[in-house]
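What follows is a short report on a single structure.
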Amino acid sequence: MEKNDFPMKHPLGLEGNTTDLISKGEFGAVLSRAGVGKTAFLVQLALNAMLRDKNVLHISLNDPVDKITLWYKELFNHLAQRYAFEQAGQIWGTLLPHRFIMTFRVAGFSVPRLRERLADLTGQDIFHPDMVIIDGFKFDEATRESLADLKNLAAEQSFSAWFSVHTHRHEETPLNSIPVPLLDVEDLFDVAFRLQPVEKDIHIQPLKGPIFDLAPLTLDASSMLIK
Amino acid sequence: MDDRKVRNIGISAHIDSGKTTLTERILFYTKRIHAIHDVKGKDGVGATMDSMELEKERGITIASAATFCKWRGHEINIIDTPGHVDFTVEVERSLRVLDGAVLVLCSVGGVQSQSITVDQQMKRYKVPCIAFINKCDRSGANPYRVITQLRSKLGHNAVAMQIPIGLENNFQGIVDLVSMKAVYFDGDNGENVRIEEIPSDLMEEATAKREELIDAASMFSDELTEAILEEKEITEELLLSALRTGTLTRGITPVLMGSAYKNKGVQPMLDAVTELLPCPSDMKNEALDTGNNEEPVILSSNPEDPTVALAFKLEDGPYGQLTYIRVYQGSIAKGSTIVNARTEKKVKVGRVVRMHADQMEDMEILPAGYIGALFGIDCASGDTFTSPGTALTMSSMFVADPVISLSITPKDNKSQISMSKALNRFTKEDPTFKTFVDEETKETIIEGMGELHLEIYVERMRREYGAEVETGNPRVAYRETITQKAEFNYTHKKQTGGSGQYGRVAGYIEPITDKEFEFVNSITGGVIPTQFIPACEKGFYECMAKGPRMEFPVTGVRVVINDGASHSVDSSDNAFQAAARGAFREAYARAKAVIHEPVMKVVVETPTEFQGPVMGLLNQRRGMIVGAQDDGPICVIEAQVPLAEMFGFSTVLRSATQGQAQFTMEFALYKLVPQSIAEELAEKMAKKRKGVQ
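Chains S and L, in that order, give the protein sequences. The first sequence begins at 6 in this note's numbering and counts up by one. The second sequence begins at 1002 in this note's numbering and counts up by one.
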């Protein structure tokens, strides 16, 4: 069985759909309060892309490399278990070269710095990302400028980028409207989802973008997999 | 005995920052030695701490001797720490034993690459430290620049606790910013400390620096913050206690200064060791519960609890083997019985002593937090001793298999004897270092965890034991394994006069992942008589040592025999062993054998500006970069690189980063070698076979 036959559900339930949700140069966001499952969601998007031989650059501003590696390993194992896949170990080995993890201290991260790092990677032909995940990016007043800069970078280097966006309880907004942190920069994003805990499950609510009359999607709260 | 009055500290520094001189002066002021010698050894005596010649020459400390002294009612154990990152086992052991450290820096050279190395070690093991800027009497001395470097290059929250009175030739003493007094050092050896008012021309600077100090310390004490806000007087106790809290959490690095060579500033540094660095019970120590899957357990530091102690260093002395030991929990008393957790042997404690370099003092009991030495205990370094019935160990029982080997040949007869002595000692000290004699070539092979690991032992053999040896090329421990099931049906028949040989075995081999070798007997109806089954197993097992394909050890094979035949006269153990060997070769050829190579987890710590070049280096070596961690001025890159590509990496890394990067390397996993490399190996093997014939 080849890696490409790995029976993985598309992260958003689009069975058989093997295209990306957003294309090169576009931005996607997943929003929720702390601890709901943003990272798990993003790592699934990443695994899905890696299974299709896409290169994923995972940038984390919160966690050390070890912890992120663990996220991938755990979610991959859950997936492999769910689909009772036999040669999971070998597949895992072939996936790893498609992933590159970078971590920064929140204060140390800036777009020029990322540009420099990317140049290190692409210039020496070490790694060319198709998808970039930025976990822990701080959305505040100053973000607009750096996000716009990032958008340029994404277009130049032709990658798509996914962001996790941390929302706060006191900024709660009604369903289906764009939450506070994203309000000012909403136009830069092509797709956005909100993760909302409902009883035992976590619902994935589309906020923006083209995919939308699907049955409600949920995350399994124990395995953090998309059901 | 009060454990709050105990300090177990390391003095760590790069070459030539004056670590040995400083240690000498400490021992002199604490009245452990009565004369001061020159490090360079003009008088032929030399400093007391550096015992190994090799260390002196290379300027590194490999062994960790512990020495004991007393200062103002406190008992201080000074543990000599290795300044080299590659000795994983050695480094880990000595860093575990100490609770705090003094980071010695040269006021001229400042933070150099090796300071970065030792600092990274401290950080990894979360050792609280204070800094001592030495050599303030040298021309070009600038302690403030060193403080800036501590902040920018090492990311320390470094704050001056003192300012110098004069510098270079004119260096006279220091101003203590806590007590706001000037301190001078009189007498031939600076033994008389004279406290005076601060010279008027330094008052302004001292006041400003004190403000900075108080400001930094206030982050760690609400009481101090309150005192500042209410503009109350800030007492010495209040300030010191805030500084101590900050130091223990590694939130602040208090900086002291002086010149050990000129006998200035050493006593205040000792004061700081007692005031700011942790006592054993301030630190959390963990052991592993062998009864419960090696789950970590926090030790209590209560001398009444069951004993847990670590033997961290062995030394051959004139009275036999001396075992340096640190007690973490409970206590070790003369005459008590302890158990070696590795061998489960009971040992009766004879003499318990405390060491000062090469003199000793007898002790009745060593309670938790103390460091001492035992006589006549047979053990290896890193062994844990516990009270009978306690299933705890300080270090994991799991020892990785060596990944690299090297043949060594003694140059003469004398070296032959010394070599075996040395090997015997090294294997005792380091569980990852192994040695055996190759049956075929009769060469002595040493095995270990990396190129440098072996190099150092070869060097030590020469220095310490006078054993001159020639080394072969390092060899990577490749392995063979099979990837598919293959059947065999092999008959071994020989009829050349006398009694013949006959045996037939049939069945299949298949890959397994969790075991190296498994033999399954599915014979029914006694087609192979039961007495010959062990011979079959032996025949198959022997083939595992040297794979038919490339002569590397074979792993991960399950052998199942389900049919066969025997002859009432001609069948024998030998015949079935031969049949099994033939069967293995037959099936192996069809089982798609592949070569696996050891892949190492390589972690490089480099100043951020060299991140790009370092990743390039790793990439060139077939490395897969897992991630890069940007940590302010330092960046940590983690990669998986085949061991075969890591030869000479330290040299390349050094030149690519101006000597400012270090790396550690440990075995990660065995991985399939790429086709091109497998072909290269096959070619080499073919050449070798030709050569043999």
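Where a beta carbon is used, it is the ideal one built from N, C-alpha and C, also for glycine. All values derive from a computational prediction rather than experimental measurement.
Nearest neighbour of residue i, chosen from the options [CA to CA]
i, options, result
"residue 1110(L)", "1554(L), 1149(L), 1559(L), 1080(L)", "1149(L)"
"residue 1428(L)", "1417(L), 1462(L), 1396(L)", "1462(L)"
"residue 1530(L)", "1519(L), 1506(L), 1407(L), 1548(L)", "1506(L)"
"residue 209(S)", "38(S), 29(S), 31(S)", "38(S)"
"residue 144(S)", "159(S), 122(S), 112(S), 74(S)", "112(S)"
"residue 1561(L)", "1381(L), 1588(L), 1547(L)", "1588(L)"
"residue 1574(L)", "1532(L), 1608(L), 1584(L), 1547(L)", "1532(L)"
"residue 1127(L)", "1107(L), 1102(L), 1151(L)", "1102(L)"
"residue 158(S)", "140(S), 82(S), 173(S), 135(S)", "135(S)"
"residue 1179(L)", "1121(L), 1146(L), 1238(L), 1231(L)", "1238(L)"
"residue 51(S)", "41(S), 102(S), 174(S)", "102(S)"
"residue 1080(L)", "1303(L), 1073(L), 1097(L), 1072(L)", "1097(L)"
"residue 1220(L)", "1248(L), 1406(L), 1231(L), 1329(L)", "1248(L)"
"residue 1008(L)", "1153(L), 1331(L), 1525(L), 1067(L)", "1067(L)"
"residue 1275(L)", "1031(L), 1526(L), 1647(L)", "1031(L)"
"residue 30(S)", "161(S), 174(S), 44(S), 186(S)", "161(S)"
"residue 1157(L)", "1645(L), 1610(L), 1147(L)", "1147(L)"
"residue 1268(L)", "1202(L), 1175(L), 1304(L), 1441(L)", "1175(L)"
"residue 1469(L)", "1416(L), 1246(L), 1453(L), 1528(L)", "1416(L)"
For residue j and residue i, believed in contact at Cβ under 8 Å, the rounded distance
i, j, result
"residue 164(S)", "residue 34(S)", "About 15 Å; that fails the 8 Å criterion."
"residue 1586(L)", "residue 1549(L)", "5 Å"
"residue 1256(L)", "residue 1142(L)", "No, residue 1256(L) and residue 1142(L) are not in contact; Cβ-Cβ is about 14 Å, not under 8 Å."
"residue 1446(L)", "residue 1439(L)", "5 Å"
"residue 1013(L)", "residue 1119(L)", "4 Å"
"residue 1116(L)", "residue 1139(L)", "Not a contact, Cβ separation roughly 16 Å."
"residue 1641(L)", "residue 1608(L)", "Residue 1641(L) to residue 1608(L), Cβ: 23 Å. No contact."
"residue 1191(L)", "residue 1265(L)", "6 Å"
"residue 1310(L)", "residue 1326(L)", "5 Å"
"residue 1558(L)", "residue 1483(L)", "6 Å"
"residue 1486(L)", "residue 1503(L)", "Contact flag wrong, Cβ pair sits at about 27 Å."
CB contact check: residue i to chain S, cutoff 8 Å
i, result
"residue 1603(L)", "no"
"residue 1598(L)", "no"
"residue 957(L)", "In the structure as shown, chain L begins at 1002 and stops at 1694. Residue 957(L) is therefore absent and cannot be evaluated."
"residue 1627(L)", "yes"
"residue 1043(L)", "Residue placement at residue 1043(L) is poorly supported in this model, since its pLDDT is 43, which falls under 50; the coordinates still yield a value, given next. Not an interface residue."
"residue 1687(L)", "no"
"residue 1616(L)", "yes"
"residue 1661(L)", "no"
"residue 1620(L)", "yes"
"residue 1081(L)", "no"
"residue 1515(L)", "no"
"residue 1086(L)", "Per-residue confidence for residue 1086(L) stands at a pLDDT of 47, beneath the threshold of 50, marking its modelled position as unreliable; the derived number appears in the next sentence. Output row for residue 1086(L): interface = no."
Assigned secondary structure, residue i (DSSP; H/G/I helix, E/B strand, else coil)
i, result
"residue 83(S)", "helix"
"residue 1404(L)", "coil"
"residue 92(S)", "coil"
"residue 1214(L)", "helix"
"residue 1568(L)", "coil"
"residue 1369(L)", "coil"
"residue 1529(L)", "coil"
"residue 116(S)", "helix"
"residue 1332(L)", "strand"
"residue 1466(L)", "helix"
Within-8 Å CB hit, residue i to chain L
i, result
"residue 7(S)", "Interpretation of residue 7(S) is limited by its pLDDT of 47, a score under 50 that renders its predicted location unreliable; the figure taken from the coordinates is listed afterwards. So, not an interface residue."
"residue 109(S)", "yes"
"residue 195(S)", "no"
"residue 141(S)", "no"
"residue 162(S)", "no"
"residue 92(S)", "no"
"residue 127(S)", "no"
"residue 105(S)", "yes"
Entirely enclosed beta strand (DSSP E) segments - the segment 1216-1300 of chain L, minimum 3 residues: 1254-1258, 1287-1290, 1296-1299
Inside the segment 1081-1163 of chain L only - beta strand (DSSP E) runs reaching at least 3 residues: 1101-1107, 1130-1135, 1159-1161
Within the segment 1592-1652 of chain L, ranges of the alpha helix (DSSP H) (whole runs, at least 4 residues): 1612-1621
Contained alpha helix (DSSP H) runs [length at least 4] in the segment 42-84 of chain S, N- to C-terminal order: 43-56
Alpha helix (DSSP H) runs contained entirely in the segment 1171-1198 of chain L, provided each spans 4 or more residues: none
Runs of alpha helix (DSSP H) lying entirely within the segment 1393-1457 of chain L, each at least 4 residues, in chain order: 1414-1430
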